[in-house]
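Okay, so here's the structure we're looking at.
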Amino acid sequence: MSRERKEIMNGRTIRINRVPATITAILLTIMLVYFLNFHQEERPSIYGMLRSDNKVNLRKMLIAAIQAAQRGGLEILDVAKSRQLKERSKGKTAEGVNDPFTDADGRSHCVMKQGLKRIFPRVQIFSEEDKEHCKDAHSFDLDPTVLHETAKVPNVAVTAQDVTVWVDPLDATKEFTEELYEYVTTMVCVAVAGQPVIGVIHNPFSGHTAWAWVGHSMSEYLAELHKVPRPKVDSEPIITISRSHTAAANDLTRGVFGPNVNILTAAGAGYKVLQMVANNATAYLHTSIIKKWDICAGDAILRALGGAMTTLSDEAINYGPNESPVNKGGLLASYSLAQHGEYMELLSKYRAQHNGKLR
83 MSRERKEIMN
93 GRTIRINRVP
103 ATITAILLTI
113 MLVYFLNFHQ
123 EERPSIYGML
133 RSDNKVNLRK
143 MLIAAIQAAQ
153 RGGLEILDVA
163 KSRQLKERSK
173 GKTAEGVNDP
183 FTDADGRSHC
193 VMKQGLKRIF
203 PRVQIFSEED
213 KEHCKDAHSF
223 DLDPTVLHET
233 AKVPNVAVTA
243 QDVTVWVDPL
253 DATKEFTEEL
263 YEYVTTMVCV
273 AVAGQPVIGV
283 IHNPFSGHTA
293 WAWVGHSMSE
303 YLAELHKVPR
313 PKVDSEPIIT
323 ISRSHTAAAN
333 DLTRGVFGPN
343 VNILTAAGAG
353 YKVLQMVANN
363 ATAYLHTSII
373 KKWDICAGDA
383 ILRALGGAMT
393 TLSDEAINYG
403 PNESPVNKGG
413 LLASYSLAQH
423 GEYMELLSKY
433 RAQHNGKLR
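When we follow this note's numbering, the leftmost residue of the sequence shown carries the number 83, and every step to the right adds one.
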């Protein structure tokens, strides 16, 4: 029997071949079954671009953020192993220190941002290296196995326009070039309505990933750090500051917290936050401008643990899409809200004694 059917239209005979139409219908059916048979979190990244609603799932965003941080870390490890850094300077920091850029920064940026953007095309994503052009396309599909079995991570839907993602592809690049790898991290932060709710800090060289979703759950690694006994209330504070800061930062720290204060110099905002969690520091002080991709993940983690991160004027930092990526108000982070209040009082007293100035 012929597979073609003849029809008469306007006096003409038209032959309709059913084979291509049948094949197309079969292919569409296969694709539909393929997508529907995937667990909702494991559906390929193209599925996110096919959806028409304006909501994003924060559980999925947490999984993607963890994957992005870890995949960026693999790029950093690869460059470190090859020692082909291709280092160049982006200029000077606010402290007058060289701000380097390496191939690891660029490769991590492309993997992290493009991977996130393909899954969440309607979400605003900012990366420290947004000026870099990514030659190759990068993507990954959601893998819920990055969560530990006891993680309490519900499906929470929020409006896409309310979500902002901040990506730091390589924090502590200068130390990376010096092979001080303990300071190096990749970071991802998810903010909703300007408030940080999910933070991921990953060290590629140790393989440790600290993540937290405010009000819900945290990584096993972060939970272990959190178990470390806290210092006595009357003990001298341990303030961590940047190793790139000048002697003036040390003098200010002693002026605010007293001559017996212990100062821990370190690099990388993510590393400093984890030093507080691990009880190696009681507060983190930063006296100059700092970018929001450096601090958003740490801010979310501290909030999840009952801590605080504000400007030096005790103002909450807004991580919304319409805000400047630069935090110009300095930074004080503390492990607990009570402690934060005490330290803010010390800062206020110092200001009063120095004509309202800190710097």
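Each residue gets a CB set at the ideal place from its N, CA and C atoms; glycine is no exception.
All values derive from a computational prediction rather than experimental measurement.
Taking only the alpha-carbon atoms, compute the straight-line gap between residue i and residue j and give it to the nearest angstrom.
i: Phe287; j: Leu159; result: 7 Å
i: Ile201; j: Ser171; result: 32 Å
i: Gln149; j: Val247; result: 14 Å
i: Arg153; j: Met194; result: 7 Å
i: Thr227; j: Asp218; result: 26 Å
i: Thr347; j: Leu144; result: 31 Å
i: Lys431; j: Arg336; result: 13 Å
i: Arg165; j: Asp185; result: 10 Å
i: Lys374; j: Ala351; result: 10 Å
i: Lys137; j: Ile105; result: 34 Å
i: Ala365; j: Leu109; result: 59 Å
i: His290; j: Thr241; result: 31 Å
i: Ala434; j: Gly340; result: 16 Å
Quick one: residues in its chain with C-beta nearer than 8 Å to the C-beta of residue i, no 5 flanking neighbours on either side, listed in chain order?
i: Leu262; result: Ala254 and Ala349
i: Asn344; result: Glu318, Pro319, Ile320 and Ile321
Who are the Cβ neighbours of residue i in its own chain at under 6 Å, not counting the five residues just before and after it?
i: Asn285; result: Thr267
i: Met391; result: Asp381, Leu384 and Ala415
i: Leu396; result: According to the sequence provided, residue 396 is Asp. The question's Leu does not apply to it. The answer, listed in chain order, is Met426.
Can you tell me which residues form a DSSP beta bridge with residue i?
i: Cys271; result: Trp248 and Gly281
To the nearest whole angstrom, what separates the beta carbons of residue i and residue j, a pair I think is in contact under 8 Å?
i: Val355; j: Ala415; result: 6 Å
i: Val235; j: His298; result: 6 Å
i: Ala151; j: Val282; result: 5 Å
Quick check on DSSP: helix, strand or coil for residue i?
i: Ala147; result: helix
i: Gln166; result: coil
i: Phe258; result: helix
i: Asp225; result: coil
i: Asn332; result: helix
i: Leu428; result: helix
i: Ile371; result: coil
i: Tyr129; result: Caution applies to Tyr129, whose pLDDT of 46 falls short of 50 and renders its modelled position unreliable; the model cannot decide the point.
i: Phe183; result: strand
i: Gly173; result: strand
i: Leu387; result: coil
i: Leu414; result: strand
i: Phe208; result: strand
Excluding five sequence neighbours on each side, which residues of the same chain lie with their C-beta closer than 7 Å to the C-beta of residue i?
i: Asp187; result: Glu211, Pro251, Leu252 and Thr255
i: Cys216; result: Cys192 and Gln196
Would you say residue i reaches chain D, if we count a Cβ-Cβ gap shorter than 7 Å as a contact?
i: Ala331; result: Although the question refers to chain D, the structure presented lacks it and comprises just one protein chain.
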